[in-house]
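Chemist: Can you read through this structure? Questions will come right after.
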Amino acid sequence: MDKLIITVAPVGAETTREQNPNLPITPLEIAEDIRRAWSAGAALAHIHARKPDGAPTQDREVYREIIERVKERCDIIVQVSTGGAIGMPREERIAPVSLGPEMATLSTGTCNFGRDVFMNTQDDMEFFAEEMKKYGVIPEIEIFDLGMIANARNLIKKEFVPKKVNFDFVLGVPGALSGSAKYLALLQEEIPSGCTWTVAGIGRFELPLSIMAVAMGGNVRVGFEDNTYYSKGVIAESNAQLVERVVRIAREAGREVASPDEARQILGLRR
Ligand code: KMH
Ligand code: ZN
Numbered sequence: 001m002d003k004l005i006i007t008v009a010p011v012g013a014e015t016t017r018e019q020n021p022n023l024p025i026t027p028l029e030i031a032e033d034i035r036r037a038w039s040a041g042a043a044l045a046h047i048h049a050r051k052p053d054g055a056p057t058q059d060r061e062v063y064r065e066i067i068e069r070v071k072e073r074c075d076i077i078v079q080v081s082t083g084g085a086i087g088m089p090r091e092e093r094i095a096p097v098s099l100g101p102e103m104a105t106l107s108t109g110t111c112n113f114g115r116d117v118f119m120n121t122q123d124d125m126e127f128f129a130e131e132m133k134k135y136g137v138i139p140e141i142e143i144f145d146l147g148m149i150a151n152a153r154n155l156i157k158k159e160f161v162p163k164k165v166n167f168d169f170v171l172g173v174p175g176a177l178s179g180s181a182k183y184l185a186l187l188q189e190e191i192p193s194g195c196t197w198t199v200a201g202i203g204r205f206e207l208p209l210s211i212m213a214v215a216m217g218g219n220v221r222v223g224f225e226d227n228t229y230y231s232k233g234v235i236a237e238s239n240a241q242l243v244e245r246v247v248r249i250a251r252e253a254g255r256e257v258a259s260p261d262e263a264r265q266i267l268g269l270r271r
């Protein structure tokens with residue numbers, strides 16, 4: 001098995017300080033949080049940005065500041081979101097890609113997202129993929145539902161997306177695929193051979209899916225974007241605390257944790 005790549009998703013677009021008062025919001029807070037998660041064992045940071053009032057933003061300058069501050073602190077892989085927040089037009093969502101980060105997310109389909117719809121038409125997907133190519137940014141395919149695998153395979157076939165790519169299964173979003181073991185088993189069988197995968201369990205699915213991924217040879221994403229609790233009824237103290245637990249699970253399972261440079265090798269990124 002490859003070493004385990006731990007991704008931290010410290011902010012997201014939906015999580016609020018009411019849900020977890022330890023949510024980082026300013027670029028400095030986000031960068032400090034990512035540094036602590038890196039120090040705990042995270043190799044990759046999935047980044048969203050916020051305005052000072054906490055509202056989600058895809059503003060290039062806010063991302064620039066976050067990325068600069070992260071790079072001053074550590075060598076973690078930077079992955080920007082192109083999902084942004086529900087309802088943002090694609091021109092807004094794509095903005096941070098022009099900064100040329102190592103990676104960006106690419107959601108390959110539309111799904112319900114609570115009471116909203118997370119929209120990604122074929123046109124949108126091709127637009128995001130082309131922009132990433134233009135700026136030399138490696139996509140990570142975000143899968144929220146089963147049909148999105150077929151769309152991803154199609155994008156790979158049409159050469160919008162590289163053949164060897166990392167898939168991130170985001171499981172447990174209300175309205176999309178739930179976080180049961182059988183779905184994880186099915187998804188990892190459905191991706192093209194040679195591709196790697198990560199699982200991001202939403203809410204109570206985060207811990208069991210992390211344990212499964214460690215055992216199955218996949219990778220793990222944790223953080224306040226996906227889950228704000230440490231255990232039932234107990235608010236997590238920090239993103240680093242969630243990363244530390246995955247490191248302990250990996251250690252118990254005899255699976256080594258990848259450094260950022262080892263993760264770059266596994267994911268086919270150039271430093
Ligand atoms: N905020 C969600 C609607 C991504 O980052 O690429 C979409 C999302 C996916 O978070
Ligand atoms: Zn995200």
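Residues in the sequence shown are numbered consecutively from 1, following our numbering.
All C-beta atoms, glycine included, are put in the ideal place defined by N, C-alpha and C.
#1: From this set, E29, L267 and I6, which residue's C-alpha is nearest R17's C-alpha?
#2: Curious, which full-length alpha helix (DSSP H) runs of at least 4 residues does the stretch 6-86 contain?
#3: Evaluate contact between the stretch 196-205 and the stretch 236-249, counting only Cβ atoms and requiring at least three cross-stretch pairs below 8 angstroms.
#4: Kindly indicate the opening and closing residues of the beta strand (DSSP E) around D116.
#5: For A200, which of helix, strand or coil comes out of DSSP?
#6: Quick check on S210: buried or exposed, where buried means 16 or more other Cβ atoms within 10 Å of its Cβ?
#7: Helix, strand or coil for V282 per DSSP?
#8: Find out if the Cβ-Cβ distance for the pair F128, T82 is shorter than 8 angstroms.
#9: Counting along the chain, where does the beta strand (DSSP E) carrying P162 start and finish?
#10: State the DSSP-derived secondary structure class of P260, mapped to helix, strand or coil.
#11: Name all residues in chain order for which at least one heavy atom of the ligand ZN lies closer than 7 angstroms to the residue's CB.
Modeler: Well, looking at it:
#1: E29
#2: 27-40 and 60-73
#3: no
#4: Going by DSSP, D116 is part of the beta strand (DSSP E) stretching over D116 to F118.
#5: strand
#6: buried
#7: Because the chain spans 1 through 271 in this model, residue 282 falls outside it and cannot be assessed.
#8: A contact, by the Cβ cut-off of 8 angstroms.
#9: Run containing P162: none; DSSP gives neither H nor E here.
#10: helix
#11: Residues with their Cβ less than 7 angstroms from any non-hydrogen atom of the ligand ZN, running along the chain, are A9, G12, A13, H46, H48, S81, G83, T105 and E225.
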